[in-house]
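**Student:** Numbering (full-length UniProt numbering), first residue to last: 1 to 342.
(1) Relative to the C-alpha of residue 229, which candidate in 240, 192, 17, 96 has its C-alpha closest?
(2) Whose C-beta lies closer than 6 Å to the C-beta of residue 341 among residues of the same chain, with five residues either side of it excluded?
(3) Under a Cβ-count criterion, where at least 16 other Cβ atoms within 10 Å of its own Cβ denotes burial, should residue 265 be classed as buried or exposed?
(4) Quick one: is residue 290 buried, meaning 16 or more other Cβ sit within 10 Å of its Cβ, or exposed?
(5) Please name the residue, chosen from 28, 293, 36, 34, that lies closest to residue 15 on a Cα-to-Cα basis.
(6) Would you mind reading off the limits of the alpha helix (DSSP H) that contains residue 241?
(7) Does the Cβ of residue 316 have 16 or more other Cβ atoms within 10 Å, making it buried, or fewer, making it exposed?
(8) What three-state label does DSSP hand residue 24 in the structure shown?
(9) CA-CA distance, residue 111 and residue 219?
(10) Would you list the residues sitting across from residue 146 in a DSSP beta bridge?
(11) Would you kindly work out how many angstroms separate the C-alpha atoms of residue 201 and residue 125, rounded to a whole number?
(12) Could you tell me the distance, in whole angstroms, from the CA atom of residue 118 to the CA atom of residue 78?
(13) Looking at the structure shown, is residue 87 part of a helix, part of a strand, or coil, going by DSSP?
(14) Mapping the DSSP letters down to three states, classify residue 47 as helix, strand or coil.
(15) For residue 115, count neighbouring Cβ atoms within 10 angstroms of its own Cβ and tell me buried if that reaches 16, exposed if not.
(16) Return helix, strand or coil for residue 278, following the three-state DSSP convention.
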């Protein structure tokens, strides 16, 4: 159990939880990407019956994965992680379209392709993580830049949160992910309405007005899901309420306010055991934060440290991840004072 005097940081916690979640997601564990069908395209390596062709129009993206049968359905949080860097099979020829993806496009494909049903898993994961700490543990929330102005930053408590469920009307994008050879097909966004859950935070008590919204599953909507705020490039969204409303306008034609729900607890689902293991692993990494650094963009554990040259208090996998994170980090980067010499 954590200490109530401890200060948690929501941005850093999101990095850790999202990394441990997406890299061990059981639905796609050890699956490798075979093909992407972009809006308006058919899959070229698999046939979908006419009843499944509803997703083929200018708002649909499909991902086709292959996975060895002996990995199907197994929970594995300690084995080698699934990553954007290993999602493409080694045997693919250089002429394969997947080989031409940029690192950012590959990252988007990795996160979006594995995002099915991610919002409820993410909310459940967050409540499991926060359960490791006393309710009045301090929580720092940092937002991205507001235009050219600094983003809002404040300290609240882990208990000052609610689950916000919204009903999206006419989603602007449908996601299809298929895993072979078992033939699993996961679809979201195909219906007239779509339920979406996020975690909301207040600056005071849990019944005060919401100030911030955290969506760890926002990448299911593609690059429009990157945050914090509208300019951030990280694979999750941490928004002010105005930013959250603006983001929803990009992913759906509207929302049904009459069906909005606010609650304080979500009943655990069928992924209970896996999510508990993920929360525990993220908590262990947080406790080791002084000795076990992580990437400030994707949350990956680092063995070779590439630190920010300004503050030397943020670390990254590589220059690409440092560049992506700079939009957010530059506001909070406090350069070290120069040392004087006699």
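Glycine residues also receive a C-beta, built at the ideal position from the N, C-alpha and C atoms.
**Tutor:** So, to answer that:
(1) 240
(2) Confidence at residue 341 is low in this model, with a pLDDT of 49, below 50, so the placement of that residue is unreliable and no value is reported for it.
(3) exposed
(4) exposed
(5) 293
(6) For residue 241, the enclosing alpha helix (DSSP H) stretches over residues 241–251.
(7) buried
(8) coil
(9) 6 Å
(10) 149
(11) Their Cα atoms are separated by approximately 16 Å.
(12) Taking the CA atoms as reference points, residue 118 sits about 21 Å from residue 78.
(13) coil
(14) coil
(15) buried
(16) Here residue 278 sits in helix by DSSP.
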